[in-house]
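Visitor: For reference, the structure I am asking about is given below.
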Amino acid sequence: MRFNPEQELNPPQMEAVLSIDGPVLIIAGAGSGKTRVITYRIARMLDAGIPQRAILALTFTNKAAREMESRVKELTGKKLQSLTVSTFHAFGVRILREEIEALGYRKNFSIYDETDKTELIKECLREERLGNSGVNFYALGQLFSGIKTGRFSRSGAPGLAETAGTVLEAAVREKVYNEYQRSLKIYNAVDFDDLITLPIELFENHPDVLEKYRRRYRYIMVDEFQDTSLVQYRLIRLLALDAAMSPNSAVSPNSAGTPNAAISVEGPGADGVNGTANVCVVGDDDQSIYSWRGANYENILLFEKDFPGRREIKLEQNYRSTSTILEAANGLISHNKSRKEKKLWSGNSGGKPIELYYPSNETEEADFISARIGEHMIRDDGRKYDDFGILLRTNAMTRQIEEALLESNIPYRVSGGQSFFQRKEIKDILSYLRIIANEHDDINLLRIINTPRRGIGKTAVAAIAGLAGKAKTSLWDAMSRIRARPDDFSLDSADSGIAARTEAEISAFVECIEGYRETFLGSGKGLAEKTRALVDDINYWPYLVAEHSKNEKIAKWKYGNIEYFIRAIENWEKDPDNPDTGLYAWLNRISLITRDDGDDEAAKGKVNLMTIHAAKGLEFPVVFIAGAEDGIIPHTRSMETEDPAGSLEEERRLFYVAITRARDKLYVTSCQKRRRLQDTADCVPSPFLAEIPPGLVELRDGKERPQNPEDTEAFFAKIRGVFRNGDGA
Numbered sequence: 013m014r015f016n017p018e019q020e021l022n023p024p025q026m027e028a029v030l031s032i033d034g035p036v037l038i039i040a041g042a043g044s045g046k047t048r049v050i051t052y053r054i055a056r057m058l059d060a061g062i063p064q065r066a067i068l069a070l071t072f073t074n075k076a077a078r079e080m081e082s083r084v085k086e087l088t089g090k091k092l093q094s095l096t097v098s099t100f101h102a103f104g105v106r107i108l109r110e111e112i113e114a115l116g117y118r119k120n121f122s123i124y125d126e127t128d129k130t131e132l133i134k135e136c137l138r139e140e141r142l143g144n145s146g147v148n149f150y151a152l153g154q155l156f157s158g159i160k161t162g163r164f165s166r167s168g169a170p171g172l173a174e175t176a177g178t179v180l181e182a183a184v185r186e187k188v189y190n191e192y193q194r195s196l197k198i199y200n201a202v203d204f205d206d207l208i209t210l211p212i213e214l215f216e217n218h219p220d221v222l223e224k225y226r227r228r229y230r231y232i233m234v235d236e237f238q239d240t241s242l243v244q245y246r247l248i249r250l251l252a253l254d255a256a257m258s259p260n261s262a263v264s265p266n267s268a269g270t271p272n273a274a275i276s277v278e279g280p281g282a283d284g285v286n287g288t289a290n291v292c293v294v295g296d297d298d299q300s301i302y303s304w305r306g307a308n309y310e311n312i313l314l315f316e317k318d319f320p321g322r323r324e325i326k327l328e329q330n331y332r333s334t335s336t337i338l339e340a341a342n343g344l345i346s347h348n349k350s351r352k353e354k355k356l357w358s359g360n361s362g363g364k365p366i367e368l369y370y371p372s373n374e375t376e377e378a379d380f381i382s383a384r385i386g387e388h389m390i391r392d393d394g395r396k397y398d399d400f401g402i403l404l405r406t407n408a409m410t411r412q413i414e415e416a417l418l419e420s421n422i423p424y425r426v427s428g429g430q431s432f433f434q435r436k437e438i439k440d441i442l443s444y445l446r447i448i449a450n451e452h453d454d455i456n457l458l459r460i461i462n463t464p465r466r467g468i469g470k471t472a473v474a475a476i477a478g479l480a481g482k483a484k485t486s487l488w489d490a491m492s493r494i495r496a497r498p499d500d501f502s503l504d505s506a507d508s509g510i511a512a513r514t515e516a517e518i519s520a521f522v523e524c525i526e527g528y529r530e531t532f533l534g535s536g537k538g539l540a541e542k543t544r545a546l547v548d549d550i551n552y553w554p555y556l557v558a559e560h561s562k563n564e565k566i567a568k569w570k571y572g573n574i575e576y577f578i579r580a581i582e583n584w585e586k587d588p589d590n591p592d593t594g595l596y597a598w599l600n601r602i603s604l605i606t607r608d609d610g611d612d613e614a615a616k617g618k619v620n621l622m623t624i625h626a627a628k629g630l631e632f633p634v635v636f637i638a639g640a641e642d643g644i645i646p647h648t649r650s651m652e653t654e655d656p657a658g659s660l661e662e663e664r665r666l667f668y669v670a671i672t673r674a675r676d677k678l679y680v681t682s683c684q685k686r687r688r689l690q691d692t693a694d695c696v697p698s699p700f701l702a703e704i705p706p707g708l709v710e711l712r713d714g715k716e717r718p719q720n721p722e723d724t725e726a727f728f729a730k731i732r733g734v735f736r737n738g739d740g741a
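Residue numbers (this note's numbering): 13 to 741.
Pasting the structure below:
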């Protein structure tokens, strides 16, 4: 091995690395070196002779998975072709690519992202002859996700069902949900929830498949365990517990009889199994901040119940932050009742005080932040712009700060948001180009076969898919044969599902693609102009206008994105360093650009402006937490739940995560007034500020002069007085 863990790890870390056999629960505080522990642990397994293919390590981002695998390679010097280090969803894809035919799907299934999901929901509403007016598609999509993963009942979730639109009563939502599930199957598509729920369905309904994966993955590790959902824990549990146990039945068909049914996760631990599997979970309940997307920090309790013989190890030494920052974080999080007791400590004693600024409004707040960054760049030798993180509770708060950064010529990037190439209008045109390049790509064909609408609906698609299945060929071949010899396919027969009038639409579509294939592939020049002609020929602008008839500005904005896309092709074609400017070369380039987590280079040399949720797992030498006001953090909307006490604890965990992103210096701003829509409202400081020990905070007035200790204490006493009826929160 290329490392000496005894010299590089502290005693608890070393214990975690050496504890390979049996169930292990590692409680890893913020900045405690958990990634190092996980990678050293994998290296230790390999050194002990455990085969690569027997190890499964699961995490939540592709970036984390790549970093983990890269570190193991550095430690061991091995190529690791058989080691599985993966996100949960990528692991689900791996299983489904091998096994999904057992559930009645074809192996070349499509994976629908949120844009595709929304479009399919719209299509289902049209299929049920319902209008889209008043429907919140994001809320409806969240509701469907919750139903599928067992978080919500079919009647919906309090508040969320109503938000989805008053037009959708419970019975109607049920019909639309069933149609959504049926449509996914027709299109041979799955959504992101299916990447977890379908493997569970496979494992629980096909014991031979489950046994195959249990025999393979004999050592399982899970990173960020506090972020796992109940269904993700169910998947882990199925793989980890002894193969002799009989898993609780968790799949029941819905009223439409579709096989992709909601997953029930009741009963972990109920069978009394004494788990002895080689499974290690690493997490921190104090950093559980994703309940809104299904994360369940109580999975730690379920793990303790399912694996009573586990070994528990706490990592409390922080290698990131100063003791000032850690004492502030400890003081804050100690107010949460539902948590494992722990206290972070650091060898980096002392540290600069936390600076709290109380600006008049958000403009003054933004100017303060940009001025402090400028001062640090002048004063701190070697400081770079990407050393700064500006953390916000919501994306809606970025505008004033962006303006201030631009005014000061400070480069920045806003993390999160939708990738340009994931926008529906761009994906549509890319799908046309990919079908022109490879007509047998069923995934992209299904996306554009009726976009813009041309009368080839889901019933016709289902029939085409059936014909293709019988002939063991692609959808394109089936359509080409329908066009050439319609009698062979009995278009008028009741059994085919395709009406005779659909033949003309199929024929026109095939002719369009074949014509453009000859145009695009006949010559390598003029790719941008050919793409522009294609967009015009398929009438994409009228389609956008019809889709957004109540707001033509949206249609213009989307069409502007397409124009930008075409100009990017033009610029690429003009680059003298590109010897090949044909369609295939362009598509290869786009595939590389649009890979997950492909924007690391874009972050270099720029201030990071992001939500607190997006900052989890990151760290910066200097951090600004903006908008520390009641109603923002804790957020008003988060408290409108059936469990306001639990929501308050999660909001406190969110503020804890924000504080622990800072290494050397932390600033917190709390405006006296803030603009809300068309009005300006008085603001009250966040109650969480009163939970930070006052001696750690330096208060600044509007002139940015440090206040004396008496003034600082008086300020916090005032805050505590405001919230004395809320038990400090």
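Idealized CB from N, CA, C, for every residue including glycine. Computed from a prediction, not measured in an experiment: that's the story for all the values here.
Taking the straight line between their C-alpha atoms, what separation do you get for GLY281 and VAL293?
Guide: Stepping through the sequence shown from its first residue, residue 281 is reached at position 269. Stepping through the sequence shown from its first residue, residue 293 is reached at position 281. Residue placement at GLY281 is flagged as unreliable, the pLDDT there being 40, under the threshold of 50; the coordinate-derived value follows with that caveat. Answer to the nearest angstrom: the Cα atoms are 16 Å apart.
Visitor: For PHE577, does the count of other Cβ atoms within 10 angstroms reach 16, so buried, or fall short, so exposed?
Guide: Sequence index remark: in the sequence shown, residue 577 carries index 565 (1-based). Flag for PHE577 reads buried.
Visitor: Taking the alpha-carbon positions, what's the PHE315 to ARG246 distance?
Guide: Stepping through the sequence shown from its first residue, residue 315 is reached at position 303. Stepping through the sequence shown from its first residue, residue 246 is reached at position 234. So the two alpha carbons sit approximately 10 Å from each other.
Visitor: Taking the C-alpha atoms as reference points, what is the distance between ILE644 and ILE248?
Guide: As a first step, residue 644 is located in the sequence shown; it is residue number 632 there, counting from the start. As a first step, residue 248 is located in the sequence shown; it is residue number 236 there, counting from the start. Roughly 36 Å between the two C-alpha positions.
Visitor: Is ALA638 near the ligand NAP, judged by its Cβ being under 6 Å from some heavy atom?
Guide: Only the bare structure without any ligand can be found here, which leaves the ligand NAP out of the picture.
Visitor: Note the first and the last residue of the continuous alpha helix (DSSP H) segment covering ASP59.
Guide: Along the sequence shown, read from residue 1 onward, the residue named residue 59 stands at position 47. First-last of the alpha helix (DSSP H) with ASP59: 46 to 59.
Visitor: Going residue by residue through the stretch 545 to 583, where are the continuous alpha helix (DSSP H) segments of at least 4 residues, counting only ones entirely within it?
Guide: Taking only runs of at least 4 residues, the alpha helix (DSSP H) segments lying wholly in the stretch 545 to 583 are 552 to 559.
Visitor: Taking the alpha-carbon positions, what's the TYR596 to GLU18 distance?
Guide: Numbered from its first residue, the sequence shown carries residue 596 at position 584. Numbered from its first residue, the sequence shown carries residue 18 at position 6. Cα-Cα distance, rounded: 52 Å.
Visitor: If LEU115 sits next to LEU210, beta carbons under 8 Å apart, how far is it from one beta carbon to the other, in whole angstroms?
Guide: Stepping through the sequence shown from its first residue, residue 115 is reached at position 103. Stepping through the sequence shown from its first residue, residue 210 is reached at position 198. Between LEU210 and LEU115 the Cβ distance is about 6 Å, and since that is below 8 Å, they are a contact.
Visitor: Once the 5 residues before and after GLU310 are set aside, which same chain residues still bring their CB inside 7 Å of it?
Guide: What you label residue 310 is simply residue 298 of the sequence shown in a count that begins at 1. Result list for GLU310: empty, nothing under 7 Å.
Visitor: Just to confirm the assignment: which complete beta strand (DSSP E) runs, minimum length 3, are found wholly within the stretch 279 to 366?
Guide: The qualifying runs are 291 to 295 and 323 to 327.
Visitor: Is it right to say ASP205 is buried, meaning 16 or more other beta carbons lie within 10 angstroms of its own, or is it exposed?
Guide: Here the question's residue 205 lines up with position 193 in the sequence shown. Buried, because 16 or more other Cβ atoms sit within 10 Å of the Cβ of ASP205.
Visitor: Shorter than 7 Å from the beta carbon of ASN290 to some beta carbon of chain C?
Guide: Of the protein chains in this structure there is only one, and it is not chain C.
Visitor: Identify whether ARG687 lies in helix, strand or coil by the three-state DSSP scheme.
Guide: Along the sequence shown, one-based indexing puts residue 687 at 675. If DSSP states are grouped into helix, strand and coil, ARG687 belongs with the strands.
Visitor: To the nearest angstrom, how far is the alpha carbon of GLY639 from that of GLY469?
Guide: For the purposes of this step, residue 639 is taken as residue 627 along the sequence shown, with counting starting at 1. For the purposes of this step, residue 469 is taken as residue 457 along the sequence shown, with counting starting at 1. Straight-line Cα distance between these residues: approximately 49 Å.
Visitor: From LEU222 to LEU251, what does the alpha carbon distance come to, in whole angstroms?
Guide: The sequence position of residue 222 within the sequence shown is 210, counting from 1. The sequence position of residue 251 within the sequence shown is 239, counting from 1. C-alpha separation (whole angstroms): 7 Å.
Visitor: Between the C-alpha atoms of ASP235 and GLU419, what's the straight-line distance to the nearest angstrom?
Guide: Counting from 1 along the sequence shown, the entry for residue 235 is found at position 223. Counting from 1 along the sequence shown, the entry for residue 419 is found at position 407. Straight-line Cα distance between these residues: approximately 41 Å.
Visitor: Under 8 Å by Cβ, that's how I've got GLU367 and GLU710 pegged, so tell me the actual separation to the nearest angstrom.
Guide: Translated into positions along the sequence shown, residue 367 becomes position 355. Translated into positions along the sequence shown, residue 710 becomes position 698. With 8 Å as the limit, GLU367 and GLU710 qualify as a contact, their Cβ atoms being about 5 Å apart.
Visitor: CA-CA distance, THR531 and THR514?
Guide: If you number the sequence shown from 1, residue 531 lands on position 519. If you number the sequence shown from 1, residue 514 lands on position 502. Distance between the alpha carbons of THR531 and THR514 is about 26 Å.
Visitor: Work out the CA separation of ARG495 and LEU630 for me, nearest whole Å.
Guide: Taking the first residue of the sequence shown as 1, we reach residue 630 at position 618. Taking the first residue of the sequence shown as 1, we reach residue 495 at position 483. Rounded to whole angstroms, LEU630 to ARG495 spans 55 Å at the Cα level.
Visitor: On a CA-only basis, which of VAL105, GLU526 and TRP553 is nearest ARG465? Give me that one, please.
Guide: Within the sequence shown, the letter at position 453 stands for residue 465. Cα-wise, what sits closest to ARG465 is TRP553.
Visitor: State the DSSP-derived secondary structure class of VAL696, mapped to helix, strand or coil.
Guide: Here residue 696 refers to the residue found at position 684 of the sequence shown. Coil at VAL696, not helix or strand.
Visitor: Sorted by chain position, which residues of the same chain lie with C-beta nearer than 7 Å to GLU585's C-beta, five sequence neighbours on each side aside?
Guide: By one-based count along the sequence shown, residue 585 stands at place 573. So the list reads LEU539, ALA540 and THR593, once near-sequence residues are dropped.
Visitor: TYR369 and VAL619: beta carbons closer than 7 Å?
Guide: On the sequence shown, residue 369 is found 357 positions in, with the first residue counted as 1. On the sequence shown, residue 619 is found 607 positions in, with the first residue counted as 1. No; because the gap between Cβ atoms is not below 7 Å, this pair is not in contact.
Visitor: On the CB-based measure, 16 or more other CB atoms within 10 Å of its CB, does THR96 come out buried or exposed?
Guide: What you label residue 96 is simply residue 84 of the sequence shown in a count that begins at 1. Result: buried.
Visitor: Keeping to the same chain, check which residues put their C-beta closer than 7 Å to that of ILE301; ignore five residues upstream and five downstream.
Guide: Sequence index remark: in the sequence shown, residue 301 carries index 289 (1-based). Excluding sequence neighbours, ILE301 sits near HIS625, LYS628, GLU662, ARG665, LEU666 and VAL669.
Visitor: With distance defined between alpha-carbon atoms, name the residue in MET80, LEU132 and GLU377 nearest to LYS436.
Guide: Counting from 1 along the sequence shown, the entry for residue 436 is found at position 424. It is LEU132.
Visitor: Quick check on SER535: does DSSP put it in helix, strand or coil?
Guide: Residue mapping note: residue 535 aligns to position 523 of the sequence shown, counting from 1. Correct three-state label for SER535: coil.
Visitor: Pick from LEU37, GLY162 and PRO656: whose alpha carbon is nearest that of LYS326?
Guide: On the sequence shown, position 314 is the one that residue 326 refers to. Ranking LEU37, GLY162 and PRO656 by Cα distance to LYS326 puts LEU37 first.
Visitor: In angstroms with no decimal places, state the Cα-to-Cα distance between THR187 and PHE156.
Guide: Locating residue 187 in the sequence shown gives position 175, where the first residue counts as 1. Locating residue 156 in the sequence shown gives position 144, where the first residue counts as 1. Thr is not the amino acid found at residue 187; the sequence shown has Lys there. One C-alpha to the other measures close to 12 Å.
Visitor: Helix, strand or coil: which one does DSSP assign to TYR444?
Guide: Translated into the one-based positions of the sequence shown, residue 444 becomes position 432. Correct three-state label for TYR444: helix.
Visitor: Excluding five sequence neighbours on each side, which residues of the same chain lie with their C-beta closer than 6 Å to the C-beta of ARG332?
Guide: As a position in the sequence shown, residue 332 is number 320, starting the count at 1. Closer than 6 Å at the Cβ level, and outside the excluded window around ARG332, lie GLY43, GLU631 and ARG675.
Visitor: From ILE566 to ALA483, what distance separates their C-alpha atoms?
Guide: Position 554 of the sequence shown, counted from the start, is the residue given in the question as residue 566. Position 471 of the sequence shown, counted from the start, is the residue given in the question as residue 483. Their backbone Cα atoms lie some 43 Å apart in a straight line.
Visitor: Taking 7 Å as the threshold (C-beta atoms), are ARG712 and GLU374 in contact?
Guide: The count along the sequence shown starts at 1 and reaches residue 374 at position 362. The count along the sequence shown starts at 1 and reaches residue 712 at position 700. Contact flag unset, no.
Visitor: Starting from THR130 and walking both ways along the alpha helix (DSSP H), at which residues does that stretch end?
Guide: Indexing the sequence shown from 1 puts residue 130 at position 118. THR130 -> alpha helix (DSSP H) spans 126 to 139.
Visitor: Could you spell out the range, first to last residue, of the beta strand (DSSP E) harbouring TYR679?
Guide: Taking the first residue of the sequence shown as position 1, residue 679 is located at position 667. It spans 674 to 681 - the beta strand (DSSP E) in which TYR679 sits, taken as one unbroken run.
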